[in-house]
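Visitor: Per the numbering used here, the sequence shown runs over residues 176 to 831.
Yeah, the Cβ is synthetic: ideal placement off N, Cα and C, and Gly gets one too.
Bear in mind the structure is a predicted one, so any value in this text is a computation, not a measurement.
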Amino acid sequence: MASSAVASSAGDFSKLRIEDYASSAPNLYKNLSLLSPDQVELAKGLLDLNQAHLFQHWDEPGVEDDEKRALLEQITLLNGSYPGGLASYIKTARQLLADSKAGKNPYDGFTPSVPSGEVLKFADDNFIRYEEIGVREARRAAFVLVAGGLGERLGYNGIKVALPLESTTGTSFLQHYVESILALQDASLELGQGEGPTEIPLAIMTSDDTHSRTQELLQKNSYFGMKPTQIKFIKQEKVACLDDNDARLALDPKNKYRIQTKPHGHGDVHSLLYSSGLLKQWLDAGRKWVLFFQDTNGLLFKAIPASLGVSAAKEYHVNSLAVPRKAKEAIGGITRLTHQDGRTMVINVEYNQLDPLLRASGYPNGDVNDETGYSPFPGNINQLIFEIGPYLEELSKTGGAIKEFVNPKYKDSTKTDFKSSTRLECMMQDYPKTLPPSARVGFTVADAWLAYAPVKNNPEDAAKVIDCVEKPFRLFRLIDFSPSCYMQVPKGNPYHSATSGEMAIYRANSLILREAGVEVSDPIRSTFNGQEVEVWPRVTWKPKWGVAFSEIKSKVSGDGNSITGRSTLAIGGRSVYLENLALDGALIIDAVDGAKVKATGSVQNAGWKIENVDFRDTALPEEVRIRGFKIGREEQLEGTYEVPGEYSIPPPPVSK
Ligand code: UTP
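1) Touching or not, the segment 529-536 and the segment 285-304, by the rule of three or more beta carbon pairs under 8 Å?
2) By the three-class DSSP mapping on this structure, what secondary structure does K402 have?
3) Give me the residue from I824, E341, T547, V294 with the minimum Cα distance to I785.
4) Per DSSP, which one or two residues make a beta bridge with H514?
5) Pick helix, strand or coil for E813, following the three-state DSSP scheme.
6) Please classify E490: is it buried, with 16 or more other beta-carbons within 10 angstroms of its beta-carbon, or exposed?
7) Kindly list the residues whose CB is nearer than 7 Å to the CB of R649, restricted to its own chain and excluding five residues on each side of it in sequence; keep chain order.
8) In angstroms with no decimal places, state the Cα-to-Cα distance between D443 and P583.
9) Please confirm whether any heavy atom of the ligand UTP lies closer than 7 Å to the CB of G323.
10) Tell me the residue span of the beta strand (DSSP E) that contains T519.
11) Between L512, F561, T739, N396, which lies nearest to R315 when the distance is taken from Cα to Cα?
12) With DSSP as the reference, identify every bridge partner of A774, one or two as the case may be.
13) With distances taken from CA atoms, which of T597, K773, S446 is nearest A757?
14) Tell me the DSSP secondary structure of L329 in three-state form.
15) Less than 7 Å separating the Cβ of K719 from some heavy atom of the ligand UTP?
16) So which of A358, Q515, E754, Y331 has the shortest CA-CA distance to S823?
17) Alpha carbon to alpha carbon, what distance is there between R388 and Y398?
18) Taking Q249 as part of the alpha helix (DSSP H), name the residues at either end of that continuous run.
19) Taking C-beta to C-beta, are T385 and A322 nearer than 8 Å?
20) When you compare the segment 624-633 with the segment 469-480, are there three or more beta-carbon pairs, one atom per stretch, that lie closer than 8 Å?
21) Considering only heavy atoms of the ligand UTP, does any lie closer than 7 Å to the CB of Q469?
22) Look at P607 and G554 and say whether their C-beta atoms are less than 8 Å apart.
23) What is the DSSP secondary structure of R652, reduced to helix, strand or coil?
24) Pull up the DSSP beta-bridge partners for S732, would you.
25) So, is H671 buried or exposed, given that buried needs 16 or more other C-beta atoms within 10 angstroms?
26) Is E327 near the ligand UTP, in the sense that its beta carbon is under 7 Å from a heavy atom of that ligand?
27) Give me the DSSP bridge partner(s) of P212.
28) Looking at C-alpha atoms only, which residue of E579, T373, K594, P281 is the closest neighbour of E600?
29) Of all the options I687, T739, Y752, which has the alpha carbon lying nearest to the alpha carbon of G733?
30) Would you call the CB atoms of V788 and V799 closer than 8 Å?
31) Does the beta-carbon distance from C416 to S256 come in below 8 Å?
32) Measure the alpha-carbon distance for L377 versus D213 and round it to whole angstroms.
33) Near E690, what residues of its chain come up, given a Cβ to Cβ distance below 6 Å and the 5 sequence neighbours on each side ignored?
34) Cβ atoms of E813 and G782: under 8 Å apart, would you say?
35) Count the other CB atoms within 10 Å of the CB of D605; is the residue buried (16 or more) or exposed (fewer)?
36) When burial is assigned at 16 or more other CB atoms within 10 Å of the CB, is P796 buried or exposed?
Here you go:
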């Protein structure tokens, strides 16, 4: 929203004239001639909000005038990019800071219970039925990638979506996401008869930290095959930092003419989708679903068709994708909360809040596993599917503003001063907090091996086993720099590193092929960058090879398919068929769409080996170092098919 005044409504202002502020903000008053009438109004609004300190250190007119104007320009941006403007931001901040100081429990009066949802079992009849519904629905979907995060925990110098999700083919996360959406689009159009959109759009939320590099990555790679018009960017702005409990805006310690800013969190995606008009466009174009996903989960698309099928079959307005969760595991639980006053909501409750909440609500043992060996509260992985109609209806009431939180680090128990400035934050999964009880909010649980392997932690932190209670709102944060960071994570908690993320791809693909009838050797255990992981055969395929299990299964035939543990199989083609293939080495297939390739018979060669590298070896590219290994390409059988036709690999012996 664009607004020149620092107020959500005209009534928020006092009726004073700027002259009346001459004594309370003399330095601003002296410089008024530098500012436009709109900027004067803005400054006046801030004075009304007890922000005179912003102008206190201004120099005499003639000194640093451009900087003074730049500060007002920044304030205009901060005011315009927050729903309700800075007045609303400051008002909310004062309330949340007061609640935090008082130690108010956000769950007071709420009783938790297990919500209803669907638990999927990979490859059973139900799963296949949901996948089919999901693929059919996909043409009416739009995807939203939230990719504005700093990635401080990973500490990678590039943008996270540019990282390879595996190093066998070197495919980046962004390439994989785009190709997955295109594959889903093709599969959906093939299945679906009749009317409906023919392109699945992708919106990418970026921030100043990621915007230009994300655009460049796409431009340099011809948008990975997507039409440039299919991709839309929505850029989130940072929000103002706060210095004290009265929500006085923090000046940048390095520049007295700038307000310090920090990211507001991925919850911004809702207001941006609304204010950009994208949601309305999508609805008007006949789309029904919007799917949110994150920057580094290379497994997600394996669970998308079935999860979308669940949304469609169960008519969920909001469907949270989840994985089975062990009690007390460091992952939020999807929970139904019922208030004494009758309000109910189905939301993510962070793991360190779930246990005390249960204990306070008549469950003396707190967060414990049930007879299945897992917590009855499924683990939130923050991938969400919304029905666009009800979503847009709700956003037109709220403008996309969702519940925020504040997490100040206090200097001492008086909770008066902060160690460093703080700011309001918001999370996209908190959207259901404001929904009416009539909203259909559910979840879909898929196995973690199939659906979730994010790359969030740097090698050193991933190898440690400490967690921090100071960051309860952070999923999977394994380490913080705060001295009060002491809580031990139960052994076996996932590393969520580049190493584990890559190994998870091979494991999932191996398990899927096993289910399709291929004999795949068991993994071996190896340690890279101090993390012990399972190493499966390095099996990869392009998304167009198969977006749903039934499609993959239809490409595997005969009962003689086998892949040994030291093997690599990279399938880069739509019509590649495994027919009694005995692979012991590396087989790399790259085929254009019209080329039908049968991989059959025995393939044996020295193959590609995984070689340990040390993450401290700065001579190596960062992408390699952070996973702790590289691929040594010794020998492979390679088939490249650029012309449509029918082929076999290895080629049949030529008859004399
Ligand atoms: P993460 O929890 O991974 O946070 O965000 P992060 O900020 O990227 O990384 P850390 O915490 O600094 O290590 C989950 C998803 O939300 C996006 C991220 O890009 C990621 O896809 N995100 C996060 C945003 O789009 N904007 C934000 O302000 C924060």
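Guide: Once the coordinates are examined:
1) Touching, per the Cβ criterion.
2) As a first step, residue 402 must be located in the sequence shown, where it is residue number 227. DSSP places K402 in coil when its eight states are reduced to three.
3) Residue numbering aside, residue 785 sits at position 610 when the sequence shown is read from its first letter. Comparing Cα positions, the closest option is E341.
4) On the sequence shown, residue 514 is found 339 positions in, with the first residue counted as 1. The partner list for H514 (beta bridge, DSSP) reads F285.
5) Numbered from 1 along the sequence shown, position 638 holds the residue referred to as residue 813. Under the three-state reduction of DSSP, E813 is assigned to strand.
6) Taking the sequence shown and counting its residues from 1, the one referred to as residue 490 is at position 315. Classification of E490: exposed, given that the 10 Å Cβ count is below 16.
7) For the purposes of this step, residue 649 is identified with residue 474 of the sequence shown, where counting begins at 1. For R649, the predicted structure reports a pLDDT of 37, less than 50, and the residue's modelled location is therefore unreliable. A value from the coordinates is still provided. If we look at R649 and ignore the five residues flanking it on each side, it has no Cβ neighbours.
8) Mapped onto the sequence shown, residue 443 falls at position 268. Mapped onto the sequence shown, residue 583 falls at position 408. Cα-Cα distance, rounded: 20 Å.
9) Counted from its first residue, the sequence shown places residue 323 at position 148. Yes.
10) Residue numbering aside, residue 519 sits at position 344 when the sequence shown is read from its first letter. 519-524 is the extent of the beta strand (DSSP E) around T519.
11) Here residue 315 refers to the residue found at position 140 of the sequence shown. Of the listed residues, the one whose Cα sits closest to R315 is F561.
12) Taking the sequence shown and counting its residues from 1, one reaches residue 774 at position 599. A774 is bridged to L753, I824.
13) As a working mapping, residue 757 is identified with position 582 in the sequence shown. The alpha carbon of A757 has as its nearest neighbour, out of T597, K773, S446, the alpha carbon of K773.
14) As a first step, residue 329 must be located in the sequence shown, where it is residue number 154. Three-state DSSP puts L329 in coil, outside helix and strand.
15) Counting from one through the sequence shown, the residue named residue 719 turns up at place 544. No, the ligand UTP has no heavy atom inside 7 Å of this Cβ.
16) Indexing the sequence shown from 1 puts residue 823 at position 648. The shortest C-alpha separation from S823 is found at E754.
17) Here residue 398 corresponds to residue number 223 of the sequence shown, with the count starting at 1. Here residue 388 corresponds to residue number 213 of the sequence shown, with the count starting at 1. Straight-line Cα distance between these residues: approximately 13 Å.
18) Taking the sequence shown and counting its residues from 1, the one referred to as residue 249 is at position 74. Looking at the DSSP string, the run of the alpha helix (DSSP H) that includes Q249 is 240-255.
19) Mapped onto the sequence shown, residue 385 falls at position 210. Mapped onto the sequence shown, residue 322 falls at position 147. Against a cut-off of 8 Å, the Cβ pair of A322 and T385 comes out as a contact.
20) Yes: at least three Cβ pairs fall under 8 Å.
21) Looking up residue 469 in the sequence shown gives position 294. Flag set: Cβ of Q469 near the ligand UTP.
22) In the sequence shown, residue 607 corresponds to position 432, counting from 1. In the sequence shown, residue 554 corresponds to position 379, counting from 1. No, these two residues do not count as a Cβ contact at 8 Å.
23) For the purposes of this step, residue 652 is identified with residue 477 of the sequence shown, where counting begins at 1. At R652 the pLDDT is 34, less than 50, meaning the model places this residue with poor confidence and gives no usable figure here.
24) Against the sequence shown, residue 732 aligns to sequence position 557. Its beta-bridge partners are E754.
25) Here residue 671 refers to the residue found at position 496 when the sequence shown is read from its first residue. The residue in question, H671, is buried, as its Cβ has 16 or more Cβ neighbours within 10 Å.
26) Stepping through the sequence shown from its first residue, residue 327 is reached at position 152. Result yes, Cβ under 7 Å from the ligand UTP.
27) The residue given as residue 212 occupies position 37 in the sequence shown. Beta-bridge partners assigned by DSSP to P212: none are found.
28) Start at 1 with the first residue of the sequence shown, and residue 600 comes out as number 425. Checked all of E579, T373, K594, P281; the closest Cα to E600 is E579.
29) Taking the first residue of the sequence shown as 1, we reach residue 733 at position 558. The shortest Cα separation from G733 among I687, T739, Y752 belongs to Y752.
30) Mapped onto the sequence shown, residue 788 falls at position 613. Mapped onto the sequence shown, residue 799 falls at position 624. Contact: yes.
31) As a first step, residue 416 must be located in the sequence shown, where it is residue number 241. As a first step, residue 256 must be located in the sequence shown, where it is residue number 81. No, Cβ-Cβ distance for C416 and S256 is not below 8 Å.
32) In the sequence shown, residue 377 corresponds to position 202, counting from 1. In the sequence shown, residue 213 corresponds to position 38, counting from 1. Their Cα atoms are separated by approximately 36 Å.
33) Reading the sequence shown from its first residue, position 515 is the one you call residue 690. Excluding its 5 nearest sequence neighbours in each direction, E690 has C-beta neighbours in its own chain below 6 Å: A298, listed in chain order.
34) Locating residue 782 in the sequence shown gives position 607, where the first residue counts as 1. Locating residue 813 in the sequence shown gives position 638, where the first residue counts as 1. The answer is no: Cβ separation not under 8 Å.
35) In the sequence shown, the residue the question calls residue 605 occupies position 430. Result: buried.
36) For the purposes of this step, residue 796 is taken as residue 621 along the sequence shown, with counting starting at 1. That one is exposed.
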